[in-house]
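Sequence lines, in order, name chains B and G.
Note that our numbering has the first sequence beginning at 1, numbered continuously upward.
Note that our numbering has the second sequence beginning at 1001, numbered continuously upward.
C-beta: ideal position from N, C-alpha, C; glycine also.
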Amino acid sequence: MTTAVLIATIIKVVVFFHIAPIMVSLLTLAERKVSAWIQFRYGPNRVGPWGLFQPIADGLKFFFKEEVVPEGANPILFRLAPALAAGPAMMTIAVIPFTFPILIDGQPFSLAIADLNIGVLFFIAMSGLAVYGILLGGWASNNKWSLLGGLRSSAQMISYELSMMMSVITVVMLTGTMNLGEMFTYQAHHTWVLFMFPVGTIAFVLFLIAAFAETNRLPFDLAECETELVGGFHTEYSSMKFALFFMGEYSAMFMMSCLLATFFLGGPSFFGLIENMDSIWWRAILGFVVFMIKVGFFLFFYIWVRWTLPRFRWDQLMYLGWKILLPLSILNLTATGILIATGVL
Amino acid sequence: MKVKRMEKKLSFMEKLSIPEILKGLSITFRNMFKPKVTRLYPEERYKAPIALKGQPLLVENEDGTPRCVACSMCEVVCPALAITIKAEETERYIEREPEEFSIDMLRCILCGLCEEVCPKEAIIMSDRYELANFTRESLVFHKDRLMTPIKELEGRIRFTKEKFDKWHR
């Protein structure tokens, strides 16, 4: 590894790691703004221009709040759970290629923090870890509501993870790689997985629905449904520990949006406009912009759906997960195999 | 027990629920661009209608003298005992005027009886509704704070005339 590559790597890690927290803070503001607009309100507009500094004010408030550990709570797990909720979601950012590779020392230099050949597997492993934070948080709080919320979310995440992984395998079969960078390169040269009709489109819809369940967002936010469970797994949490759960949820949303863009919308590519550019630097910069626009669309979609659809009932959620999504994803996977074997795709 | 089921038969498209979800999404998306109903309060204040019974005020004539003749009718009628009047003599034609007139806004219930009972239309409910303050002392309004030029209260005076029909009964 030459010095140039080393310096570039350090810059890359610092810059791209900070994208996640920045997006999380903007997302908390965006959520409040969009929800306000949908309900004919203005949303936060007091702190800074258009309320842009609201996340900073919120963060400061969280730091100065009193920390409460309820009586009878498991002291170690209670403190460990928020970190477990926020950590894996942030770690997945490492494998996401934000844009096209650039040239350093004449060598192509990938702009994912860790350009893993098994990026998809890394993502699967990390999203499997995400359930621990919520489950332990609910269990360690010594509170009935929290426990119920934790149980629900663990069952929900496990059942939706199956169909999600099935659709990810479909994408892997269609693009023929597990490296996320190569995945969008393939899509840039051929066509986006979304347009590989019908299997790619169905996989996209399945992944989208499962992503909502995985991140505990409405209409699947049974883990923290306020009307029944007070606050679900984070009822007993206060101050920065609560904020960590929040950050975990929002960084999981950001991560899922990144993955949706990479898996199905060809990452930074845009119908041959950007990927065929001569200048590598312009290609990387514009690619990043396009990628962020795609991610932003999905993030907006998350919020948009939250303020549109009502919450599922618990049995409806399980019915949808096990009896509709899972068979559909397995069928879709089989169909993909057949279509590839017969040379249609 | 006889159970009557009120379930609606759903069509196939409704059972599929995806078109319905898209319909809902389009409604919420269009809502985002509709005019907002929120009032941005400190900048955009609510102009109360003339019928609102807000802070009671004393009417000040054009020459700067109070209209009040210190007859104490409002003091007597006030159900919350918020009004305190001390009369004094004056050289003017009306002969009496209040030396001290105070309304304790901590007690005042904004019922408007003082306005109704006043024979001179000297105490008038204004449209001022921001009645919060930090100390108890500052909420006891004395004569100097209650005196308001007649111009500001003309609308409400006309309204009370029409409403109570005082002089034409």
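Residues near residue i by beta carbon distance below 6 Å, same chain, minus five either side
i: T92/B; result: F123, M126, M255
i: R1128/G; result: G1054, Q1055
i: S25/B; result: P55
i: G138/B; result: S146, L147, G149, G150, F233
i: F264/B; result: V193, L194, F204
i: I202/B; result: N332
i: V34/B; result: I303
i: G43/B; result: R32, K33, A36
i: F1012/G; result: none
i: F298/B; result: S257, L260
i: A57/B; result: V47
i: E1121/G; result: I1157
Cut-off 7 Å between Cβ atoms - residues of its own chain near residue i, not counting five sequence neighbours on either side
i: F78/B; result: V69, A140, S141
i: M240/B; result: F62, F63
i: G287/B; result: T99, F100, P268, I274
i: F1141/G; result: S1102, I1103, M1105
i: G266/B; result: F184, Q187, A188, W192
i: R1039/G; result: Y1046
i: I38/B; result: W307
i: T215/B; result: E249, A252, M253, M256
i: K364/B; result: Outside the shown range of chain B, which is 1 to 345, sits residue 364/B, and nothing can be said about it.
i: M178/B; result: N117, I118, G119, V120, L121, V172
i: N1061/G; result: R1067, I1150
i: M196/B; result: L174, L345
i: V95/B; result: A112, A114, L116, G119, F122, F123, L180
8 Å contact criterion, which residue i and residue j should meet: CB distance rounded
i: T235/B; j: L180/B; result: No, T235/B and L180/B are not in contact; Cβ-Cβ is about 36 Å, not under 8 Å.
i: R1156/G; j: M1125/G; result: 7 Å
i: P198/B; j: L309/B; result: The Cβ separation is near 25 Å, so there is no contact.
i: V354/B; j: S257/B; result: Missing from the structure shown is residue 354/B; chain B here goes from 1 to 345 and no further.
i: L206/B; j: N332/B; result: 7 Å
i: V157/B; j: V131/B; result: According to the sequence as given, residue 157/B is Met; it is not Val. Indeed they touch by this definition, with Cβ atoms about 4 Å apart.
i: G51/B; j: L29/B; result: 7 Å
i: S154/B; j: M318/B; result: That belief does not hold up - the Cβ atoms of S154/B and M318/B are roughly 13 Å apart, past 8 Å.
i: E1100/G; j: T1084/G; result: 7 Å
i: E66/B; j: S238/B; result: 7 Å
i: W322/B; j: I102/B; result: No, W322/B and I102/B are not in contact; Cβ-Cβ is about 45 Å, not under 8 Å.
i: F1164/G; j: I1050/G; result: Incorrect: roughly 14 Å between the Cβ atoms, too far for contact.
i: P1098/G; j: A1087/G; result: 6 Å
i: A81/B; j: G128/B; result: Wrong, their Cβ atoms sit about 16 Å apart, outside the cutoff.
i: L326/B; j: L162/B; result: 6 Å
i: E1007/G; j: E1014/G; result: With 8 Å as the limit, E1007/G and E1014/G do not qualify as a contact, their Cβ atoms being about 12 Å apart.
Bridge partners - residue i, DSSP secondary structure assignment
i: S1102/G; result: T1084/G
i: T1148/G; result: V1059/G
i: M1125/G; result: P1056/G
i: P1066/G; result: E1060/G
i: P108/B; result: L103/B
i: V1140/G; result: D1104/G
i: E1097/G; result: E1088/G
Proximal residues to residue i (C-beta, below 8 Å), its chain only, five neighbours per side dropped
i: K1151/G; result: none
i: L1139/G; result: D1104, M1105, L1106, L1131, N1133
i: V5/B; result: I104, D105, Q107, F109
i: I1123/G; result: P1056, L1057, L1058, V1059, C1068, C1074, C1114, E1115
i: V285/B; result: Looking at the sequence itself, residue 285/B is Ile, so the reference to Val does not match. Contacts found: T99.
Any non-hydrogen atom of the ligand ADP within 7 Å of residue i CB
i: P1035/G; result: Absence of the ligand ADP is noted for the structure shown, with no ligands found whatsoever.
is_contact[residue i, chain D] using C-beta, thresh 8 Å
i: T1028/G; result: Any reference to chain D falls outside this structure, whose protein chains are B and G.
Inset, instruction - Please name the residues in the segment 1015-1026 of chain G whose beta-carbon is closer than 8 Å to at least one beta-carbon of chain B, in chain order. - result: I1021, G1024, L1025
Inset, instruction - Please determine if the segment 202-210 of chain B and the segment 156-166 of chain B are in contact, where contact requires at least 3 C-beta pairs separated by less than 8 Å. - result: yes
Legend entry - Contact list for the segment 38-63 of chain B against chain G, Cβ threshold 8 Å: I38, Q39, F40, R41, Y42, N45
Legend entry - Inter-stretch contact (C-beta, 8 Å, three-pair minimum) for the segment 1077-1094 of chain G and the segment 1106-1117 of chain G: yes
Inset, instruction - Specify whether the segment 1103-1112 of chain G and the segment 1027-1041 of chain G touch according to this definition: at least 3 beta carbon pairs, one from each stretch, less than 8 Å apart. - result: no
Legend entry - Three CB pairs or more closer than 8 Å across the segment 323-343 of chain B and the segment 282-297 of chain B: no
Legend entry - Stretch-stretch touch, CB-based, cutoff 8 Å, three pairs: the segment 241-260 of chain B with the segment 80-92 of chain B: yes
Legend entry - Residues of the segment 1030-1049 of chain G whose Cβ lies closer than 9 Å to any Cβ of chain B, in chain order: N1031, M1032, F1033, K1034, P1035, K1036, V1037, T1038, L1040
Legend entry - chain G contacts made by the segment 308-336 of chain B, where a contact means CB separation under 9 Å: T308, L309
Legend entry - Cβ contact check for the segment 1014-1032 of chain G and the segment 1057-1077 of chain G: 3 or more pairs under 8 Å: no
Legend entry - Residues within the segment 291-310 of chain B neighbouring chain G, beta-carbon criterion of under 8 Å: W304, V305, W307, T308, L309
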